[in-house]
Amino acid sequence: MALAAVLAETSQASAGEASLELAVKATYLYKLAPFVNWPPEAYASAAAPLVICVQGADPFGQVLDRAVSGQVVGSHPVTVKRLPRIDAESGCHIAYLAGGPAQSQTQALQAVDGQPVLTVTDEARGGGARGIVHLLLAGGKVRFSIDARQAEAGGVTISSKLLALAVAVKR
Amino acid sequence: MTPRLPWDRPDRRLVNVAWASAVALLAIGALLAGQTELGYRSQAQRQAEVQADILAASVSAALAFDDRTAMREYLDALRVNRRLAAAAIYDASGQAVVVFHRSGAAAPPTHIDVLSSRFSHRHVTVTRPVAEQGQRLGAVYLETLPEPWTTVLARHASLALLTVLAFLLLGVVTAAASQLQARARLLAEANDRLREEMAARGTAEEALRQSQKMEALGQLTGGIAHDFNNLLQVVHGAFELIRRKADDTAKVAAWAQNGIAAAERGASLTRQLLAFSRSQKLELRPFVVADLIGEMRELLVRTLGPDIKLSVELEEGQALVMSDRTQLELAVLNLAINARDAMPAGGGLTLRTGLHSQPPGDPVLEAGEYVELSVADTGEGMSRQVVERAFDPFFTTKGIGKGTGLGLSQVYGVARQAGGAAQIDSEPGRGTVVRLLLRRSTAAAELAPARGERPPILAPAAGRTILVVDDEAPVRVLAGETLELLGYRVLQAESGAAALALLEREVPDVMLFDYAMPDMNGAELAGLVRARLPDAPIIFASGHADTAAVEAALGGQPTILRKPFNMETLARTIAELLS
Chain D
651 MALAAVLAET SQASAGEASL ELAVKATYLY KLAPFVNWPP EAYASAAAPL VICVQGADPF
711 GQVLDRAVSG QVVGSHPVTV KRLPRIDAES GCHIAYLAGG PAQSQTQALQ AVDGQPVLTV
771 TDEARGGGAR GIVHLLLAGG KVRFSIDARQ AEAGGVTISS KLLALAVAVK R
Chain A
22 MTPRLPWDRP DRRLVNVAWA SAVALLAIGA LLAGQTELGY RSQAQRQAEV QADILAASVS
82 AALAFDDRTA MREYLDALRV NRRLAAAAIY DASGQAVVVF HRSGAAAPPT HIDVLSSRFS
142 HRHVTVTRPV AEQGQRLGAV YLETLPEPWT TVLARHASLA LLTVLAFLLL GVVTAAASQL
202 QARARLLAEA NDRLREEMAA RGTAEEALRQ SQKMEALGQL TGGIAHDFNN LLQVVHGAFE
262 LIRRKADDTA KVAAWAQNGI AAAERGASLT RQLLAFSRSQ KLELRPFVVA DLIGEMRELL
322 VRTLGPDIKL SVELEEGQAL VMSDRTQLEL AVLNLAINAR DAMPAGGGLT LRTGLHSQPP
382 GDPVLEAGEY VELSVADTGE GMSRQVVERA FDPFFTTKGI GKGTGLGLSQ VYGVARQAGG
442 AAQIDSEPGR GTVVRLLLRR STAAAELAPA RGERPPILAP AAGRTILVVD DEAPVRVLAG
502 ETLELLGYRV LQAESGAAAL ALLEREVPDV MLFDYAMPDM NGAELAGLVR ARLPDAPIIF
562 ASGHADTAAV EAALGGQPTI LRKPFNMETL ARTIAELLS
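The listed protein sequences correspond, in order, to chains D and A. Numbering of the first sequence is given in the working numbering, commencing with residue 651 and proceeding in unit increments. Numbering of the second sequence is given in the working numbering, commencing with residue 22 and proceeding in unit increments.
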């Protein structure tokens with residue numbers, strides 16, 4: 651009982667921390683956008699939306715929608731798409747690869763390999779897959795490492811400002 | 022007397038202009054200082070803004086991903102800027118995320134709502150947005166340290182120095198100008214004093230000339246009176262003879278001729294005396310010296326007396342000098358009188374005119390051509406001491422009452438006036454030579470009045486009536502008889518009143534008025550006559566010395582007969598008026 655109570659407390663506390671962590675990650679998704687340049691063909695038009703895709707099991711729920719709501723990057727309004735699986739035709743600019751039964755993180759990564767899609771993987775999601783941006787916890791804070799080579803392969807340019815902030819950069 | 026300062030006003034205007042330009046300079050200086058200050062401020066503001074923008078661009082990612090360590094590093098990097106007092110980074114909600122401020126400087130606000138950029142109290146405060154691709158991420162805040170007063174002063178020092186110098190210069194100019202003005206005033210006053218003194222001196226000189234003339238006249242009188250006596254003796258004798266032997270017509274004519282000749286000599290003597298006594302201003306006119314001496318010959322002979330032999334040697338080139346004729350005549354007369362007095366036992370006087378060429382280098386005479394007039398006597402001569410002082414006014418060796426000592430000083434004055442000099446060569450026992458060097462003039466000689474007799478223009482006298490008015494019966498009767506002899510009908514009146522009464526009855530063709538009459542003089546009478554008969558021909562007879570005074574009294578150019586006149590002159594004057 652006592653253990654159960656402790657467990658419950660712990661799970662509550664960790665649930666709170668986890669939700670804060672998720673919220674931060676949710677904002678990070680769109681905050682990455684200003685520091686990234688997509689090739690012109692990535693947008694259908696100047697006013698075309700910047701699409702953030704959440705592939706697989708969505709961990710954010712409403713948190714992401716709220717965070718993204720009303721955000722504009724350059725001339726592009728930010729929208730969110732939730733897809734069980736993604737590919738080159740999905741129209742994603744940023745893709746958070748959560749992985750799911752329809753498509754694993756690794757499969758998703760392969761599906762958009764060489765495409766101008768900023769892939770984001772999360773250490774917290776487990777699995778060995780690593781996107782261009784890999785979110786991780788460092789010193790109690792959500793940080794990220796960047797795989798510049800992968801980005802370059804997809805035609806995505808990442809601002810040096812962002813690179814400077816990364817805990818590790820793979821070139 | 023107000024000192025006249027013709028350049029006083031422009032001078033003040035100059036000073037005013039200087040002040041105006043100083044004020045303008047000050048205004049421009051202030052304007053420039055203001056502009057410099059504004060320029061500096063906007064530049065300082067701009068600098069801070071640029072720095073803030075650089076900071077904003079640098080921290081955008083760190084702010085976006087809440088990397089406080091990175092933000093702190095960026096802020097710390099700013100510390101190297103010693104002019105920075107404080108800096109801060111705010112998140113999108115305006116909440117301070119990282120702050121930094123130097124000790125002594127106020128901490129940046131913990132929250133900001135609006136962006137601003139301002140310069141106040143010598144320091145700049147700037148807040149700039151942090152944004153990436155239109156996404157507002159937060160803001161940065163920069164505050165500079167207040168600019169030290171020394172820097173502010175240094176910035177404006179050159180301008181301030183210039184302004185101070187300008188005013189210093191202005192002060193100097195004003196002081197100098199006022200000093201000049203004071204000096205000018207003193208000068209003007211001195212000038213006025215000098216002018217007054219000159220006027221006083223002019224008056225004194227006028228008086229001196231008059232007294233010199235009077236002295237010469239006094240000197241002349243003795244000799245002339247004697248001469249006159251002789252002339253009167255001739256005239257008197259002639260009439261005596263005519264009265265006793267009136268029937269001997271041939272002899273009567275000869276005696277009358279003698280009498281007339283004597284009277285004419287007397288007339289010429291009085292004419293010259295009158296010319297001298299005339300009180301007139303100096304009139305510098307060109308004339309021929311030789312002619313003047315020639316004309317004076319008669320007078321000089323009379324002045325010198327029978328014991329002194331006069332010889333005259335005249336230059337024939339008609340050389341001109343610019344001088345006052347009367348004054349030069351007087352000078353010659355003075356020299357003749359001096360010579361006469363120096364030769365009580367008789368002797369010789371030589372008057373010589375010639376040309377003299379003066380080479381440069383003389384202390385008194387300018388180089389050039391001169392007419393030399395020398396008067397040499399064979400008298401007792403003068404000692405060196407006397408020669409040295411001879412030209413001094415009031416210096417005389419003559420006894421009391423015999424001379425005023427003005428004669429030779431007058432001679433010297435004339436020579437100087439004619440642009441020349443006077444010199445004396447004399448030794449005791451060897452006579453005296455006085456040399457007048459008169460600057461030769463290139464002006465044309467004044468036409469001397471024609472001396473030749475003009476042919477009489479005789480209008481028919483018959484039937485013409487002449488009115489003769491003279492208070493002196495002998496003169497009136499003589500004139501009347503002379504006119505009757507010429508064939509005129511003559512009316513006579515002894516006063517102006519009588520003449521006016523006579524005019525009530527009859528209007529004559531010509532009227533002959535004596536000028537000087539008691540009760541009513543000729544001019545007054547003429548005025549009354551002309552009021553009734555504006556075109557009446559009137560002749561004035563005048564023995565008065567000053568023709569100019571008579572002309573002034575009569576107005577216009579009246580016909581004047583100078584007394585004594587002979588029959589021919591009277592006849593011609595009347596005939597000319599009638600025709």
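Built from N, CA and C at the ideal position, the CB exists for glycine as well. No experiment lies behind these values; they were computed from the predicted model shown.
Distance, Y95/A Cα to A78/A Cα: 11 angstroms
Do G441/A and L376/A count as a contact pair if the criterion is CB distance below 8 angstroms? no
Quick check on DSSP: helix, strand or coil for P150/A? strand
List the DSSP bridge partners of A263/A. At residue 263/A the sequence reads Ile, which differs from the Ala that was named. Its beta-bridge partners do not exist; DSSP assigns none.
Compute the distance between the beta-carbons of T195/A and L47/A, then report whether it is under 8 angstroms. no
Contacting residues, own chain, Cβ-Cβ under 7 angstroms from D492/A (five flanking each side not counted): E515, S516, D535, M538, P539
For a quick check, are the C-beta atoms of E334/A and R373/A less than 8 angstroms apart? yes
Taking G706/D and L747/D to be in contact with their CB atoms under 8 angstroms, please state how far apart those CB atoms are, rounded to whole angstroms. 7 angstroms
Let's test the definition: count the other Cβ atoms within 10 Å of the Cβ of Q200/A and tell me whether it reaches 16, buried, or not, exposed. Exposed, because fewer than 16 other Cβ atoms sit within 10 Å of the Cβ of Q200/A.
I'd like the span of the beta strand (DSSP E) that includes V806/D, first residue to last. No beta strand (DSSP E) contains V806/D, which DSSP labels as neither H nor E.
Nearest-angstrom Cβ-Cβ length linking P449/A and G402/A, presumed shorter than 8 angstroms: 5 angstroms
Can you round the beta-carbon distance between D530/A and R485/A to whole angstroms, since I take them to be within the 8 angstroms contact cut? Cβ atoms of D530/A and R485/A come within 8 angstroms of each other, at about 5 angstroms.
I want to verify the contact list: residues of chain D whose CB lies under 7 angstroms from the CB of A83/A, in sequence order. L815
On a Cα-Cα basis, can you pick out the residue from T756/D, G790/D, G720/D that is closest to R735/D? T756/D
Using a beta-carbon distance below 8 angstroms, is Y746/D in contact with chain A? no
Sequence-distant residues of its chain with Cβ nearer than 7 angstroms to K811/D (five each side left out): F685
Measuring alpha carbon to alpha carbon, tell me which residue in P327/A, T131/A, S179/A, V173/A is nearest V161/A. For V161/A, the nearest C-alpha among the options comes from T131/A.
Among V783/D, G790/D, L787/D, G789/D, whose alpha-carbon lies nearest the alpha-carbon of L599/D? The structure shown does not extend to residue 599/D, since chain D is modelled only from 651 through 821, so no value can be given for it.
Are the C-beta of V770/D and some C-beta of chain A separated by less than 8 angstroms? no
Completely contained beta strand (DSSP E) runs for the stretch 147–216 of chain A, where each covers 3 or more residues: Within the stretch 147–216 of chain A, the runs of beta strand (DSSP E) at least 3 residues long that lie entirely inside it are, in chain order, 156–165.
Exposure label - M532/A; buried when at least 16 CB within 10 Å: buried
Inter-residue CB distance, L166/A and A108/A (contact presumed, cutoff 8 angstroms): Actually they are not in contact, since the Cβ atoms of L166/A and A108/A sit about 12 angstroms apart, beyond 8 angstroms.
Under 9 angstroms from the C-beta of Y678/D: neighbouring residues of chain A: Within 9 angstroms Cβ-Cβ: A85, F86.
According to DSSP, which residues form a beta bridge with A818/D? S795/D
Here's a check: name, in chain order, each residue in its chain whose Cβ is nearer than 8 angstroms to the Cβ of L682/D, leaving out the five neighbours to either side. These residues qualify, in order along the chain: I744, L768, V770, V783, L812.
Listed in chain order, which residues of the stretch 711–733 of chain D have Cβ atoms closer than 8 angstroms to some Cβ of chain A? Q721, V722, V723, G724, S725
Quick one: list the residues of chain A neighbouring K811/D, beta-carbon separation under 7 angstroms, in chain order. Those within 7 angstroms of K811/D in chain A are S81, A82.
Provide the residue(s) that pair with F561/A in DSSP beta bridges, ordered along the chain. F534/A, I581/A
Check A126/A in the structure and name its three-state DSSP category. coil
Give every residue of the same chain whose Cβ lies closer than 7 angstroms to the Cβ of G473/A, excluding the five residues on either side of it in the sequence, and list them in chain order. A caution first: G473/A carries a pLDDT of 41, below 50, which makes its placement in the model unreliable, though a value can still be read off. Nothing listed; no residue qualifies.
8 angstroms contact criterion, which A443/A and R456/A should meet: CB distance rounded: 7 angstroms
What's the call for V71/A, buried or exposed, on a 16-neighbour Cβ count within 10 Å? exposed
Can you tell me whether DSSP reads R472/A as helix, strand or coil? Any reading at R472/A needs caution, since the residue's pLDDT is 39, under 50, leaving its predicted position unreliable; the model's value is listed next. Looking at R472/A - three-state DSSP - the assignment turns out to be coil, as it is neither helix nor strand.
Need the endpoints of the beta strand (DSSP E) that A442/A sits in, please. 442–447
Chain D within 8 angstroms of G15/A, Cβ atoms only: Past the boundaries of the shown model lies residue 15/A; chain A is included only from 22 to 600, so the question cannot be answered.
Short of 7 angstroms Cβ to Cβ, which residues in the stretch 87–116 of chain A face chain D? D88, A91
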